[in-house]
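Engineer: Let me give you the structure first, and then I'll get to my questions.
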Amino acid sequence: MVLKEKVIEVLGSVKDPEIPVVSVVDLGMIHKVHLQEGHVSIEVMPTFSGCPALEIIKRNIEQAVESIPEVKSLTVTFIRYPIWTTDLVSERAKQELKKFGIAPPEGHVDGEWHVPCPYCGSVYTTIDNIFGPAACRSILYCKSCKNPFEAMKPVSI
Amino acid sequence: MESLEYRECLIELIYQLADDDFLLAYRGSEWLGLAPHIEEDVAFASISQDLMGHAALYYGLLEDLGEGKVDKLTHDRSPEQFRNAILVELPNGTGTYLEDPSYDWAFTVVRNYFYTLSKKIRLDSIKKASYEPLQQIVQKISIEMSYHMMHWEVWFNQLINSTPEARRRMEEAVKTVIEELGGVFSYGRFGDRMVRLSLIESEEVLKQRWITYLNKEVAKEPLTMKQGNGRNGVHTIHLANALDTLSEVYKSVPTAEW
Chain W
167 MVLKEKVIEV LGSVKDPEIP VVSVVDLGMI HKVHLQEGHV SIEVMPTFSG CPALEIIKRN
227 IEQAVESIPE VKSLTVTFIR YPIWTTDLVS ERAKQELKKF GIAPPEGHVD GEWHVPCPYC
287 GSVYTTIDNI FGPAACRSIL YCKSCKNPFE AMKPVSI
Chain C
1079 MESLEYRECL IELIYQLADD DFLLAYRGSE WLGLAPHIEE DVAFASISQD LMGHAALYYG
1139 LLEDLGEGKV DKLTHDRSPE QFRNAILVEL PNGTGTYLED PSYDWAFTVV RNYFYTLSKK
1199 IRLDSIKKAS YEPLQQIVQK ISIEMSYHMM HWEVWFNQLI NSTPEARRRM EEAVKTVIEE
1259 LGGVFSYGRF GDRMVRLSLI ESEEVLKQRW ITYLNKEVAK EPLTMKQGNG RNGVHTIHLA
1319 NALDTLSEVY KSVPTAEW
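Laid out in structure tokens, this is it:
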């Protein structure tokens, strides 16, 4: 396997510390991986600017990539541009989020925001609080199966 | 960068944006556990965390521009070096977080709503401005801020159209906030040059946009800065008190690595 593939593969093992079922790759946070003779630099798009998990994510990326023997040096940088949006979240991540009990990001909050319940699929749901336990999530309630659940806040430009 | 003058004005503008969000994030965090109900506690804490994140983005840009480390900028400047508007440094009410906090929710709702609207108008203007890294940050912040706008707008409209007592308290709060809101729109002594260098549009244009958007009879008094212009380093004792609390841990071991 060439080094670039190895780097991408280990990045797939770096999970969001608050949502341990999705990786930084699946969340769409990795913008670019540059390689030059074993010197690796990775550009990462931060999700929410106040997210306290960002520094932990950076450290976890460093630890994971530095474990590859061929990597001679590594820099991980959070970039300002392009801007991360929830459109970058992969299909696989959306399925995993649902299984974890978090409705994946869909649609727009300022228009009609219909969020199907991740447990029973009903759209008979209400938004309890746009703000949730983490910067990226809202709190909702399913009137069909009577479960509270969280949804990833849709973010787009 | 184009010239020394441009650089000086740009840095000044970023300090204003950074210090505003930093102080209001701090005032918001003082409500933790004290908000009117549990859902609001979660929401307000999240908004304050976002604001602190916005401040961190601006301070990061200042670090890139050679102003020093982010931690030093936030914890090791004297009050007169801060460029925030006085509106955002005012306490939430009487008492302190630890002792007899008798905080004013009407004032908090009005301050946050009026401030967020002014922030939106300022950032929309900067989006058209000349410095790209700042434009990029502003785009990111705008996305997150749209949730804050919705939140405070709902609170404002619900309370002002509620009981006579709520109406009375909200009107009082509007009066207090408007008295200092002019300071948010001011660019201080660098104002004319910032506008000439196309960093942002003029104070008057932005103020007018704010009034037009709000379109409320209740807020018809002129926007003033009664206690002075924070953009020029004029502040109340409340800023010094806030900074003492904010930097207490940092100053206990200034050489520590965080």
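Sequence lines, in order, name chains W and C.
Count the first sequence with our numbering and you get residues 167 to 323, in order.
Count the second sequence with our numbering and you get residues 1079 to 1336, in order.
Glycine included, every Cβ here is placed at the ideal spot set by N, Cα and C.
1. For residue 294/W, which residues in chain C fall below 7 Å Cβ to Cβ?
2. When the Cα atoms are used, what is the spatial distance from residue 1206/C to residue 1278/C?
3. Along the alpha helix (DSSP H) that carries residue 329/W, what are the first and last residues, could you check?
4. What residues in the segment 1202-1213 of chain C have a beta carbon less than 8 Å from any beta carbon of chain W?
5. Does DSSP classify residue 182/W as helix, strand or coil?
6. For the pair the segment 304-323 of chain W and the segment 284-296 of chain W, tell me if three or more CB-CB distances fall below 8 Å.
7. Considering only the alpha carbon of each residue, which of 1191/C, 1152/C, 1154/C and 1178/C lies closest to residue 1262/C?
8. If we call anything under 9 Å between Cβ atoms a contact, is residue 214/W one with residue 1306/C?
9. Identify the contact partners of residue 1222/C in chain W, using a Cβ-Cβ distance below 7 Å as the criterion.
10. Please list the terminal residues of the continuous beta strand (DSSP E) segment that includes residue 304/W.
11. Strictly below 9 Å CB to CB, what residues from chain W border residue 1134/C?
12. Once you ignore the five residues that flank residue 1255/C on each side, which residues in its own chain have a CB closer than 6 Å to its CB?
13. At least one CB of chain C closer than 9 Å to the CB of residue 189/W: is that the case?
14. Residues of chain W with CB under 8 Å from residue 1128/C, in chain order?
15. Between which two residues does the beta strand (DSSP E) harbouring residue 199/W extend?
16. Is there a C-beta anywhere in chain C that falls below 9 Å from the one on residue 291/W?
17. Any beta carbon of chain W sitting closer than 9 Å to that of residue 1122/C?
18. Counting only Cβ-Cβ distances shorter than 7 Å, please list the residues of the segment 246-257 of chain W near chain C, keeping chain order.
19. For residue 1267/C, which option in 1080/C, 1081/C and 1088/C has the closest C-alpha, if you only look at C-alpha atoms?
20. Please return the same chain residues whose Cβ sits closer than 6 Å to the Cβ of residue 256/W, not counting the five positions on each side in sequence.
21. Assuming contact is defined by CB atoms lying nearer than 9 Å, are residue 189/W and residue 181/W in contact in what I supplied?
22. Between residue 110/W and residue 253/W, what straight-line distance do the alpha-carbon atoms span, to the nearest angstrom?
23. Check whether the segment 1155-1163 of chain C touches the segment 1297-1313 of chain C, counting contact only when three or more Cβ pairs, one atom from each stretch, lie closer than 8 Å.
24. Residue 207/W CB to nearest chain C CB: under 9 Å?
Structural biologist: Taking the geometry as given:
1. 1117
2. In this model, residue 1206/C and residue 1278/C are separated by some 8 Å (Cα to Cα).
3. No answer is possible for residue 329/W: it lies beyond the span of chain W, which begins at 167 and ends at 323.
4. 1211
5. Three-state DSSP puts residue 182/W in a strand.
6. yes
7. Comparing Cα-Cα distances from residue 1262/C to each of 1191/C, 1152/C, 1154/C and 1178/C, the minimum goes to 1191/C.
8. no
9. 214 and 215
10. 303-308
11. 215 and 216
12. 1188, 1189 and 1192
13. no
14. 214, 215, 216 and 301
15. 196-202
16. no
17. Answer yes: the Cβ-Cβ gap between residue 1122/C and chain W drops below 9 Å somewhere.
18. 246, 247 and 249
19. 1088/C
20. 192
21. yes
22. Because residue 110/W is not part of the residues shown, which for chain W are 167 to 323, the question remains open.
23. yes
24. no
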